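When the letters of the sequence shown are read in order and numbered with numbering that gives the first Met the number 0, they come out as residues 0 to 381.
Every residue, glycine too, gets a C-beta built ideally from N, C-alpha and C.
None of the values given here were measured: they were computed from a predicted structure.
What follows is a set of notes on a single structure, which appears directly below.
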Amino acid sequence: MLPPSKLPDVGTTIFTVMSQLAADCGAINLSQGYPNFNGPAGLLDRVSYHLRAGHNQYAPMAGLPALRDAIAVKLRAVYERATDPDTEITVTSGATEALYAAICAFVHPGDEVILFDPAFDSYDPAVRLAGGEPVHLPLHAPDFSLDLDAVAAAISPRTRMVVLNTPHNPTGAAIAADDMQRLAALVRDTNILLLGDEVYEHMIFDGRRHESLLRYPELADRSIAVFSFGKNYHVTGWKIGYVVAQPELTAEFRRVHQFVQFCVATPLQYALADFLESDPQHYAELPMFYEKKRNLFCELLQGSRFRLTPSAGTYFQLLDYAAITDEPDLDYARRLTRESGVACIPVSVFYERPPAGQTLLRFCFAKDDETLRAATAILDQL
Ligand code: PMP
Ligand code: GLN
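So, in structure tokens, the structure goes:
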């Protein structure tokens, strides 16, 4: 009776596996990416207000107009991109739904989609479920920058889409402006779409600028850019984000979104609309907020045997454990959780073909300072 699996080689996502192991072992959980502090009180107050005010029925399919208007204001202020909230912005159930619906909407059977490994784990299965063929290109340690010569060589008449994640999970790398220019030259005169996973847009450090696809009109016109309120407001459990794309792409995107999700939690949309308007400084302060956490985490590890290059963005830091053990990263991550009480994510799971002998673990530093001190005190002993 059981039909063949559509994803026979796929197990439970590593985030669930490691968070569960951390809980079972009572370990400090620096594995799955989420903050251990609350969202801003002003935002939480607005949710309570709107729940009580009776904003509890279906929202419009594309998102609450007030929220889309507030997003358009932000896009203009941050990326100098003028967007029509009616035809170019869609509120989604987190970035995960947005990525899935975008791939489902635009990838046809036999189409190739270029992904960069290590790649966030939802892209490849979504492409395959759409009948597409993922083409995995490696990013090379230690800086994990794009190899645009490899992209040029991989582009074929069947290439439908390139998925670009910056700042990049799991490596913490960020794309530089000249790579965006080169990418523009590569896709010019093709029908290739760009799917931009920009959920860490405001977690970018050392004075860098986030190179959003939306900053480059030529790229923006062929892009579906994906953002997440869960990341920006420390409320990952809300699962609310949005997609920005020119009108024809948005119309096609909504054809799918309306049947995957239809619409997103109404009181959250009201509250986010209010908060975007009342507290725009919140996202402006995020880079420094997380840069301090990155610095603290890295400084506290200075005497350890882990080697690191501080992340350019995201709330993740890679640590190289080559000086400690030559175990495979999955084994070491499990042992670290069980025996030492600190959970992290092995990086090899994000590759189609993991590089032999790579010894990298990803740690999430979106934690209060006390937690970062407790975790690094353990890591310093190894
Ligand atoms: N893309 C990347 C790179 C992520 O790290 C995450 C975090 N889960 C997502 C997408 C999904 O975001 P959301 O929680 O808004 O669905
Ligand atoms: N984005 C988060 C991470 O990379 C978790 C996402 C998830 O659990 N699906 O850890």
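Residue i CB to nearest heavy atom of ligand 1 below 7 angstroms
{"i": "Leu98", "result": "yes"}
{"i": "Asp123", "result": "no"}
Candidates the options, of which the one nearest residue i by Cα
{"i": "Ile223", "options": "Thr15, Phe252 and Arg181", "result": "Phe252"}
{"i": "Pro64", "options": "His281, Glu326, Gly195 and Cys262", "result": "Cys262"}
{"i": "Val255", "options": "Ser339, Val9, Tyr99 and Arg45", "result": "Tyr99"}
{"i": "Ala173", "options": "Val198, Ala184, Ala152 and Gln56", "result": "Val198"}
{"i": "Arg221", "options": "Ala244, Met17, Ala22 and Gln260", "result": "Ala244"}
{"i": "Lys238", "options": "Val90, Asp110, Ala140 and Pro2", "result": "Val90"}
{"i": "Phe305", "options": "Tyr314, Leu295, Arg293 and Asp319", "result": "Asp319"}
{"i": "Thr86", "options": "Leu248, Met17 and Pro39", "result": "Leu248"}
{"i": "Thr158", "options": "Thr189, Tyr33, Leu128 and Arg293", "result": "Thr189"}
{"i": "Pro166", "options": "Leu185, Arg207, Val346 and Pro133", "result": "Arg207"}
{"i": "Asp68", "options": "Pro7, Ala272, Leu50 and Ser144", "result": "Ala272"}
{"i": "Leu164", "options": "Ser211, Gly229, Cys343 and Phe258", "result": "The amino acid at residue 164 is misidentified as Leu; the sequence shows Asn. Nearest C-alpha to Asn164: Ser211."}
{"i": "Ile194", "options": "Tyr241, Leu74 and Val234", "result": "Inspection of the sequence shows that residue 194 is occupied by Leu rather than by Ile. Residue Tyr241 is the option with its Cα nearest to Leu194."}
{"i": "Leu329", "options": "Thr11, Met17 and Val234", "result": "Met17"}
{"i": "Leu42", "options": "Val186, Met287 and Phe274", "result": "Phe274"}
{"i": "Leu335", "options": "Arg361, Thr12 and Phe258", "result": "Arg361"}
{"i": "Gly131", "options": "Asn168, Cys103 and Glu369", "result": "Cys103"}
{"i": "Phe36", "options": "Ala376, Ala374 and Glu369", "result": "Glu369"}
{"i": "Ala125", "options": "Cys363, Ser155, Met0 and Ala97", "result": "Ala97"}
{"i": "Asp178", "options": "Asp196, Ser144 and Pro156", "result": "Ser144"}
{"i": "Ile13", "options": "Ala373, Asp367, Pro354 and Val346", "result": "Val346"}
{"i": "Ala250", "options": "Asp23, Ala71, Arg45 and Pro84", "result": "Pro84"}
{"i": "His107", "options": "Asn168, Ala129, Arg181 and Asp123", "result": "Ala129"}
For residue i, the three-state DSSP class (helix, strand or coil)
{"i": "Ala100", "result": "helix"}
{"i": "Phe261", "result": "coil"}
{"i": "Ala224", "result": "strand"}
{"i": "Leu295", "result": "helix"}
{"i": "Ser144", "result": "strand"}
{"i": "Asn28", "result": "strand"}
{"i": "Gly41", "result": "helix"}
{"i": "Asn231", "result": "helix"}
{"i": "Ala176", "result": "helix"}
{"i": "Ile88", "result": "strand"}
{"i": "Arg187", "result": "coil"}
{"i": "Asp205", "result": "coil"}
{"i": "Ala342", "result": "strand"}
{"i": "Gln357", "result": "coil"}
{"i": "Met287", "result": "helix"}
{"i": "Leu63", "result": "coil"}
{"i": "Ala113", "result": "Per the sequence presented here, residue 113 reads as Ile, with Ala not at that position. Ile113: strand per DSSP, three-state reduction."}
{"i": "Gln268", "result": "helix"}
{"i": "Glu276", "result": "helix"}
{"i": "Tyr122", "result": "helix"}
{"i": "Thr12", "result": "coil"}
{"i": "Thr375", "result": "helix"}
{"i": "Phe252", "result": "helix"}
{"i": "Thr158", "result": "strand"}
Residue i CB to nearest heavy atom of ligand 2 below 7 angstroms
{"i": "Gly10", "result": "no"}
{"i": "Phe362", "result": "no"}
{"i": "Phe143", "result": "no"}
{"i": "Phe384", "result": "Examination of residue 384 is not possible in this model, given that the chain is present from 0 through 381 alone."}
Cβ shell of residue i (< 8 angstroms), same chain only, five flanking positions each side left out
{"i": "Leu136", "result": "Ile113, Leu114, Phe115, Asp116, Asp146, Ala149, Val150 and Ala153"}
{"i": "Leu192", "result": "Phe105, Arg159, Met160, Val161, Arg221, Ser222, Ile223 and Leu248"}
{"i": "Lys73", "result": "Leu275, Pro279 and Tyr282"}
{"i": "Arg127", "result": "Lys5, Leu6 and Pro133"}
{"i": "Phe204", "result": "Pro286, Tyr289, Glu290, Arg293, Pro309, Ser310, Ala311 and Gly312"}
{"i": "Thr265", "result": "His49, His54, Asn55, Gln56, Tyr57, Ala58 and Leu63"}
Cutoff 6 angstroms; reference residue i; Cβ partners in own chain excluding five residues on either side
{"i": "Thr214", "result": "In the sequence under discussion, the amino acid at residue 214 is Arg, which differs from the Thr named in the question. Counting only Cβ-Cβ distances below 6 angstroms, and skipping sequence neighbours, we find Tyr78."}
{"i": "Tyr387", "result": "Nothing in the structure corresponds to residue 387, since the chain is present only between 0 and 381."}
{"i": "Ile323", "result": "Arg304 and Leu381"}
{"i": "Ser92", "result": "Lys238, Gln260 and Val263"}
{"i": "Tyr269", "result": "His49 and His54"}
{"i": "Gly38", "result": "Tyr232, His233 and Val234"}
{"i": "Ala365", "result": "Pro34 and Tyr314"}
{"i": "Asp196", "result": "Asn164 and Val225"}
C-beta neighbour in chain C for residue i, strict 8 angstroms
{"i": "Ala373", "result": "Going by chain labels, chain C is absent from the structure shown, which holds only one protein chain."}
Contacts around residue i, its chain only, beta-carbon distance under 7 angstroms, and the 5 residues preceding and following it disregarded
{"i": "Leu378", "result": "Leu300, Ser303, Phe305 and Val341"}
{"i": "Glu200", "result": "His209, Ser211 and Phe226"}
{"i": "Pro141", "result": "Thr308"}
{"i": "Gly171", "result": "Ser310, Ala311, Gly312, Thr313, Phe315, Gln316 and Leu317"}
{"i": "Leu28", "result": "Looking at the sequence itself, residue 28 is Asn, so the reference to Leu does not match. Closer than 7 angstroms at the Cβ level, and outside the excluded window around Asn28, lie Ser18, Ala21 and Ala342."}
{"i": "Cys297", "result": "Leu307, Pro309 and Gln316"}
Any non-hydrogen atom of ligand 3 closer than 7 angstroms to residue i Cβ
{"i": "Leu42", "result": "Among the ligands in the structure shown, ligand 3 does not appear; only ligand 1 and ligand 2 can be found there."}
Taking a cut-off of 6 angstroms, which residues have a beta-carbon closer than that to any heavy atom of ligand 1, in chain order? Gly32, Gly93, Ala94, Thr95, Phe119, Asn164, Asn168, Asp196, Val198, Ser227, Gly229, Thr235, Lys238 and Gly240
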